[in-house]
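Trainee:
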């Protein structure tokens, strides 16, 4: 069944003010066919070297691709997505579409106290005229367990793909997760993703996300501090150029006492790009001694660029510490002149300053070997800005 | 030779330089002194090409090249170095990268090959010893978290690495304790050479106790109102500027 166009979120919806979904108005959300050998071969060309020690799993057009993947680790299965239920509201519409159309779910459950290093690639190679890719990931980390997850999103060059990811991650009591997510799809791609992360008592979740691909990219994330004393460090960077739209809505619900969240966002809007980040912090009634800290900054680096950062606090209890800062600004003229006065080209100087602007996000990548690799990848798209700042 | 003729400049629509004439021959150190707001820093910025500092009249030639026709990065590659009064902090760009990029930009301009990492570090380490700086500074963000004195040492370190032919040092002595002042002065003196000109902008005589100038100029109301030998600085130290301002 194709999704009706009229039900897509619009800019009139509170959490979709900065989204631009016009390109999806005629899109088909039916699942793409299972990828053939040609599609698998095209996807293979996009893979980068695997991080040492990680198990690699690859989905192509939303379907698990055994020929590009390692054997499924213990506790991982390909399952039927039909049991997934999503709230009936506009913010979960794409998750609902995913649940409805996904061909399968990749379901990973780790044992208690077990450690797993997982690299998951979601690659879309088929044009949206044939449908959408609906990667569906369910990951449950056992009590006291440790997950290192590298999640990579890419798409075939010069192909108008449509990806609609859903990621469900649960950390059981005292579990820890270090997550690095990148989205570097082709500039003709459409990328939607919905994340649901549940944190039980005593959990630690460090998540770093870097997005600089796709014509239009939207992250909708719901993080729930369900258990006491859980910790979330969310850091993301979004880089927009041309007419790209990089949009994110991250809702963090502190539903239990002692929950702590640090949210850090740095965005750069070049050219005519639009970059938006909406960080919604909720502290529920009775969730005392919670702590929430937001630092949201965006750099306007194009005359026709747009940037919007919006911290939101919704607090229903008294004993809470919450701070937030949000700024949108341009490149610092004095810094730029300083670099020019040392003989650097204007383009190099600007890219160095842009690099410096997002360097704190790169530095927060909790996995050192991934940090260096991603720093190089990001820097390669910003001439003159090699990642010395994080390698030394 | 640096040759400035009838230089007028405005900042944000306000005239700050009001007809400066100045010649600094190669091999000489000239000190520019003057009261607050006289245009000393503006002169430094104009020579280095800072945007927003508009030259409305006059000319500046360096080794026969029309400096004002060049954008700031080309002036730097041509050998002009500005030591900032307030060096900016640039977190996320570390010192070693900036130094290497700056050095290679200058070398490329001179038709020289880029230095490799090993060669570069050897050069920098020697200069850091001279400036009594810990090597840990190299991996830190540019001036990030540096004290005022450390920032000034870092400016001189950059100057020593880049070996400019024209050094403009804008109140490099401000905020330095006496030990740091000696180190910075030693760095400046190391750079003195027959083919190099150095312009020291300063408020005080104390820097000139360690870096002996060939000439001293007094800048007031955007013009050079008095020039003389090193003794002029001593006279200013003893008498202040009022006697000159009244006569100007």
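Chains as they are written, first to last, in this note's numbering: chain A, 11 to 402; chain B, 3 to 250. Each residue gets a CB set at the ideal place from its N, CA and C atoms; glycine is no exception.
1) Restricting to runs no shorter than 3 residues, where is the beta strand (DSSP E) found entirely within the segment 15 to 53 of chain B?
2) By Cβ distance below 8 Å, which residues in the same chain neighbour residue 317/A in space, the five residues on each side in sequence not counted?
3) If contact means a Cβ-Cβ distance below 9 Å, which residues of the segment 338 to 359 of chain A contact chain B?
4) With the cut-off set at 7 Å, would you say residue 39/A and residue 146/A are in Cβ contact?
5) Could you tell me whether any Cβ in chain A is nearer than 7 Å to the Cβ of residue 66/B?
6) I want to know whether the segment 373 to 386 of chain A touches the segment 216 to 234 of chain A - three or more CB-CB distances under 8 Å.
7) Determine the contact status of residue 68/A and residue 75/A, defining contact as a CB-CB distance below 7 Å.
8) Taking a Cβ distance cut-off of 9 Å, strictly less, list which residues of the segment 154 to 173 of chain B are near chain A, in chain order.
9) Which residue from 194/B, 26/B and 54/B puts its Cα closest to that of residue 16/B?
10) Taking 6 Å as the limit between beta carbons, can you name the residues of its chain near residue 216/A, skipping five residues before and five after?
11) Hey, is the segment 100 to 115 of chain A in contact with the segment 159 to 166 of chain A, meaning 3+ C-beta pairs nearer than 8 Å?
12) Near residue 15/A, which residues of its chain fall below 6 Å by C-beta distance, leaving aside the five closest residues on each side in sequence?
13) Please tell me whether residue 137/A and residue 91/A are closer than 7 Å, where the distance is taken between their beta carbons.
14) Counting contacts by CB-CB distance shorter than 7 Å, is residue 39/B in contact with chain A?
15) Give the interface partners of residue 274/A over in chain B, defined as CB-CB distance under 7 Å, in chain order.
16) Listed in chain order, which residues of the segment 81 to 92 of chain B have Cβ atoms closer than 9 Å to some Cβ of chain A?
17) From 105/B, 31/B, 69/B and 40/B, pick the residue whose C-alpha is nearest to that of residue 18/B; which is it?
18) Any idea what DSSP makes of residue 301/A, helix, strand or coil?
19) So what's residue 205/B in DSSP terms, helix, strand or just coil?
20) Take the Cβ of residue 149/A as the centre, count every other Cβ of all protein chains shown within 10 Å, and call the residue buried at 16 or more, exposed below.
21) Between residue 235/A and residue 194/A, how many whole angstroms is the CB-CB distance? I'm expecting something under 8 Å.
22) If you reduce the DSSP assignment to three classes, tell me which class residue 265/A lands in.
23) Quick one: give me the first and last residue of the beta strand (DSSP E) that residue 64/B is part of.
24) Could you tell me which of 314/A, 228/A, 230/A and 323/A sits nearest to residue 271/A, measuring between CA atoms?
25) Nearest to residue 88/A by CA position, among 119/A, 63/A and 96/A, is which residue?
26) Taking only three categories from DSSP, how would you classify residue 295/A?
27) Tell me whether the beta-carbon of residue 296/A lies closer than 7 Å to the beta-carbon of residue 321/A.
28) Residues of chain B with CB closer than 9 Å to the CB of residue 369/A, please, in chain order.
29) How about residue 299/A and residue 251/A: are their beta carbons less than 7 Å apart?
30) Does the beta-carbon of residue 17/A have 16 or more other beta-carbons within 10 angstroms, so that it is buried, or is it exposed?
31) Is the Cβ of residue 362/A closer than 7 Å to any Cβ of chain B?
32) Give the single residue among 43/B, 35/B, 5/B and 9/B whose Cα lies nearest to the Cα of residue 28/B.
33) For the putative contact between residue 97/A and residue 71/A, defined by C-beta atoms under 8 Å, what is the C-beta separation to the nearest angstrom?
34) For the candidate residues 215/B, 236/B and 204/B, whose alpha-carbon lies nearest to that of residue 38/B?
35) Which residue comes first and which comes last in the alpha helix (DSSP H) that contains residue 222/B?
36) Tell me which residues share the same chain as residue 371/A and place their Cβ nearer than 6 Å to its Cβ, disregarding the 5 neighbours each side in the sequence.
Mentor: Concretely, from the data shown:
1) 16 to 26 and 31 to 35
2) 277, 279, 284, 285, 286, 308, 309, 310 and 338
3) 342, 343, 344, 345, 346, 347, 348, 349, 350, 351, 352, 353, 354, 355, 356, 358 and 359
4) no
5) no
6) yes
7) yes
8) 160 and 164
9) 54/B
10) 188, 243 and 376
11) no
12) The predicted model places residue 15/A with a pLDDT of 44, which falls under 50 and marks its position as unreliable; any figure quoted below should be read in that light. Excluding positions up to five away in sequence, the list reads 35.
13) no
14) no
15) Residues of chain B passing the Cβ test: none, with the nearest at roughly 14 Å.
16) 82, 83, 84, 86, 88, 89, 90, 91 and 92
17) 40/B
18) strand
19) coil
20) buried
21) Wrong, their Cβ atoms sit about 30 Å apart, outside the cutoff.
22) coil
23) 55 to 64
24) 323/A
25) 119/A
26) coil
27) no
28) 93, 94, 95 and 143
29) no
30) exposed
31) yes
32) 5/B
33) Wrong, their Cβ atoms sit about 27 Å apart, outside the cutoff.
34) 204/B
35) Element bounds for residue 222/B: not the alpha helix (DSSP H) but the beta strand (DSSP E), 217 to 222.
36) 245, 247 and 276
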